[in-house]
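Quick notes on the structure that follows.
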Amino acid sequence: MKSVRLDNVSKMFGTAKGVENVAIDVKPGEFFTFLGPSGCGKTTTLRMIAGFYYPTKGKIFFDNRDVTTLQPNKRNIGMVFQNYALFPHMTVFENIAFGLEVRKLSKAVIKEKVERAQKLVHLDKYGNRKINELSGGQQQRVALARALVIEPDILLLDEPLSNLDAKLREETRLEIKRLQVELGVTTIYVTHDQTEAMTMSDRIMVMKEGVVQQIGSPQEIYNKPANHFVASFIGEANMLEGEVIEISGSTVKVKVDSDLQVEGVLDPSADKPKLEVGKKVKLSIRPEAIFEGQGQNQLHGTIQLVEFTGVSINYLVKVGSATLKVMIINKGNQILNRGDSISLYVPEKGVYFINE
Amino acid sequence: MNTNQTASQQESWWSRLTQSKYFIYILISPLFLVLLAYVIYPFYQTFIQSVVGTEGAGIGNYKRFFSLESTANLEALWTSIYISVISVITCAIVGVTMAFLIERYEFPGRKILSILVLVPMALPPLVGVLSFTFLYGESGIIPRSLQALFNLESVPFSLKGITGVIVVHTFTMYTYFYLTASAAIKGLDPSLEEAATSLGSGRIRIWIKVILPMLTPAMVASSLLVFMIAMASYTAPLMFGVERTMTMQIYLSRTNGNLDMAATQSTILSIVSISFLILMRWYQGRRNFQNQSKGISVHRTELRTPFMKYLSMFLSFIGVIILMLPILVLVLISFSVDGEWTIQIIPPAYTFDHYIALFTDERTWRPIWNSLQMSFVATIGNILFGVAAAYAMIRTRFKGKALLDILIMIPWALPGTVVAVNLIAAFSEPSVFSFNQVLIGTFWILPLAYFVRHLPLIFRSTSAALMQMDQSVEEAARSLGANWWYTFRRVVVPMAFSGILAGTLLAMVQGLGEFVASILIYSTSTMPLSVAIFQKMYAFQFGTACAYGVLQILLIIFVLFISQKLTNGKAGAVI
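What follows is the structure, given as structure tokens:
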């Protein structure tokens, strides 16, 4: 269990930019996630921590030890690869034992440890199976056992769930989280799936095009997105831009157009966006922060599209020149039709001003 | 902490070296050194000999080659090109037709034909030509039987001259077209045709617009390949007495002692071959008809009318006979008593002695043993070089990759005759690369020739295996604490093993059958198997010659079988 610190790490591929100035401090035992669309540099960052790439600039520390250019085999990391990277010419047992054999442990110790690891991932009876005789989920668990059995200081997971089907993905997600909590190993997890990131992580780093967008807990990332990209990448958001027409205390009134005016409260804890009357401002309203009926920030609109998911009723509502996504929790309400008019309101804490 | 720091300081010069981006060039330099010593340097020596010569420096030899006064050389160049072009056309017709029949139609005899269609690959060049002369030559079995059957004055036909060469080429080289065409047809998703039909295309339109464009890359690649091999062909012209081909001219110049001219002819032939190689690589690089479909199921069309069924049965039967005859005739003659067969249709007397003699008589066993030894030595070299080069090529990044690739492929494009002439030019005198020894006339020259000629075999089969292996598997091993060497031993080699072994077997067997370069540079003390066959043949000891041939064929069939198993039926990739 070690901490990981990246000190303004940058990576260039020739002249192409990989990642730029990543500075993070992962605490011992923390579950830390790199989240972003493909090509955002999250895997590049992970591979630098693993030692498969060396940073062009900056340093990497495990606890206080500088490992920036240390060979990957000397870092004592456990890594799970997207395609699992199991050794096809070895059995399940031999795969899990590989790292222990490298460490020159005695046969008896290896046997004991491998069997314990097999039990941990519920593969006790599969020791003699060949890799190609396993299902995708089982292969995934072998990869996990192989990474964990060496008792790594840091566990690195590179999109480990992306090759599983939806149901298995959910099961395995819980399984990984359970193991991580049980073993308390510092874990860095790479994914493009926001649900995985939100449900598993202690903290998330959101990346885009090699640049860190925001680092924070899942709640912070969701409720207080740092910018347009974070707001729209994590969950759904109605992004609006309008002109500030009134500031009184922490309450700000914004006019998007003549039919759409909203009032919101500035978050006292966050950096205050520099707001002035007459200036433009960006704001985000989550679909679930909009309610049907009468109240604060009253809006009227026309329904353009209706979607029933079971849990919720999703509407696309045209209000003035803007189209809002609205999510109404299904409590047996009557479902409106396309073309109907609808009354909506947004409580002021549902309006979030983006500091951009 | 402190101990950590001292340890890392001690390691630092080493790690600084290994992390330098120039470190890779230290690792690959031995590969380039080998290529420089045994491919480029001999080639350069030949070129030097062709321009410097005995009559002073200049391009006199080239002027003589292209002079219109004595046109022997130009004629040879023309004949070689002519034979090669015709060979490409005939091989394409036979190979593609066979591929379509076997892949697309279901008919009685399809199964057996689909196996036997690859038989020509099991014939070493010399042995193949030999059996063709026994079968269809002037005193061959078929012409003589026809003569007897119809009571003719003379044989109705016989293979000789350029026709003979082309027939032998067609028989031995159509497999290149067959393999690539059948792979392409297998990869051709029938749903593409169905899609075209559903969009309203007729049969002919589908052929022109869908099937042919999909097959074009395979056809072009095979054409270039067959052209190159036909240009390099030496055995067929030798046995059918076509003296005016490039390879024969080189051989004649060399045996007449006109070394400068041999060097000149070699250089010109090399230029033709290498330009074809580069053309081929370039074309392969830009062909990009990747089939997008996953699981492809090929539906074979069944023949419906009884007439077609009987016709196809008859034709398959003829096909099987034609394919099997060369081997059957070798087996037959291998049992014949030497010197008894003169004007009879088939040999009159039989014996088992030749086979016993192969392994008991010191004089007949000697060439087998020589070839085994020399081929073994060459193959060990090929393994070391091939595996290292394949790993460097697939797994590392460095400038000069394209150059390494071309340099490794060049020996494969160079005709065996040229390889021999190059080695003669380079190693008739002591040089650094031969550790100041004269190699010509020693044991080592033939293994060196085999090493050079079969350089790409293990390299290619290993690269193919490595390419299928995901790099993350190696990274997984590294992340588990294994160093590079441990990873290489425990993960890379076992995973590429089938590829390495397939290439090794092929190199070994090719070494055992090598004739073209051997005939120019062998010394009597280390006479190889193929040269022994050739000499027995000229001494009219047909039985012994054929017994040697059958032995070679058995070895090749064994190797093909093993590599077919190892590569899951993708043996075509090894060739």
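Keeping their order, the protein sequence lines are chains A and B.
Per our numbering, the very first residue in the first sequence carries number 105; after that it's consecutive.
Per our numbering, the very first residue in the second sequence carries number 14; after that it's consecutive.
Glycine residues also receive a C-beta, built at the ideal position from the N, C-alpha and C atoms.
A straight-line Cα-Cα distance of about 28 Å links Ser388/B and Leu237/B. Contact between the region 555 to 569 of chain B and the region 504 to 511 of chain B is absent: fewer than three C-beta pairs spanning the two stretches fall below 8 Å. Judged by DSSP secondary structure, Ser214/B falls outside any beta strand (DSSP E); it is assigned neither H nor E. Counting only runs that start and end inside the region 80 to 142 of chain B, the alpha helix (DSSP H) elements of at least 4 residues fall at 85 to 117 and 123 to 129.
Any Cβ of chain B closer than 8 Å to the Cβ of Phe165/A would place that residue at the interface, and such an atom is absent. Per DSSP, Lys578/B has no beta-bridge partner at all. In this structure, the CA atom of Val223/B is about 55 Å from the CA atom of Ile394/A. From the beta-carbon of Ala490/B, the residues of chain A found nearer than 9 Å are Asn177, Ala189, Phe191, Phe202, Gly203 and Val206. For Val171/A, there is no enclosing beta strand (DSSP E), since its DSSP letter is neither H nor E. Here the region 169 to 176 of chain B makes no contact with the region 188 to 208 of chain B; the two share fewer than three CB pairs at distances below 8 Å.
Taking a C-beta distance under 8 Å as the contact criterion, Asn434/A and Ile417/A qualify as a contact pair.
If you keep only unbroken beta strand (DSSP E) runs of at least 3 residues inside the region 259 to 344 of chain A, you get 290 to 295, 307 to 312 and 315 to 320. Boundaries of the beta strand (DSSP E) around Tyr419/A: Ser416 to Val423. Annotation: Lys146/A to Ser239/A spans about 28 Å, alpha carbon to alpha carbon. Bounds of any alpha helix (DSSP H) do not take in Asn437/A, whose DSSP letter is neither H nor E. For Val450/A, the secondary structure class from DSSP, reduced to helix, strand or coil, is coil.
In this structure, the beta-carbon distance from Asn435/B to Phe78/B does not fall below 8 Å. Contact note: Ala249/A does not reach chain B at a C-beta cutoff of 8 Å; the least C-beta distance is about 12 Å. Shown here for Val333/B: same chain residues with a beta carbon closer than 8 Å to its own, the five before and five after excluded, namely Gly122, Ile125, Leu126 and Leu129 in chain order.
Using a 10 angstroms sphere on the CB of Val101/B, the tally of other CB atoms reaches 16 or more, which defines it as buried. Closer than 8 Å to the CB of Leu493/B there is at least one CB belonging to chain A. Neighbours of Ile458/A in chain B, taken as residues at a C-beta separation under 9 Å, are lacking, since the least C-beta distance is about 38 Å. Residue pairing of Val369/A in beta bridges, as defined by DSSP: Thr355/A.
When Cβ-Cβ separations below 8 Å define contact, Met480/B makes no contact with chain A.
Proximity to Ile407/B across Tyr368/B, Met482/B, Leu385/B and Ile356/B peaks at Met482/B, based on C-alpha coordinates. Asp374/B counts as exposed, since fewer than 16 other beta carbons sit within 10 angstroms of its beta carbon. In the DSSP annotation of this structure, Asp418/B is not part of any beta strand (DSSP E); the continuous alpha helix (DSSP H) holding it starts and ends at Lys414 to Ala426.
In the assembly as shown, Ala477/B is a buried residue. Its beta-carbon has 16 or more other beta-carbons within 10 Å.
In the structure shown, Met521/B adopts helical secondary structure according to DSSP, grouped into three states. Judged by DSSP secondary structure, Phe165/A falls outside any alpha helix (DSSP H) and instead within the beta strand (DSSP E) spanning Lys161 to Phe166.
Judged by DSSP in its simplified three-state form, His467/B adopts coil rather than helix or strand. By the CB criterion at 8 Å, Gly346/A and Val356/A fall outside the cutoff. When Ser474/B, Ser384/B, Val465/B and Gly399/B are compared, the shortest CA-CA separation from Phe456/B is found for Ser384/B. Not one beta carbon of chain B lies nearer than 8 Å to the beta carbon of Phe136/A. Assignment of beta-bridge partners to Leu379/A by DSSP yields no partner. Note: Ala426/A is bridge-paired with Val423/A in the DSSP secondary-structure output.
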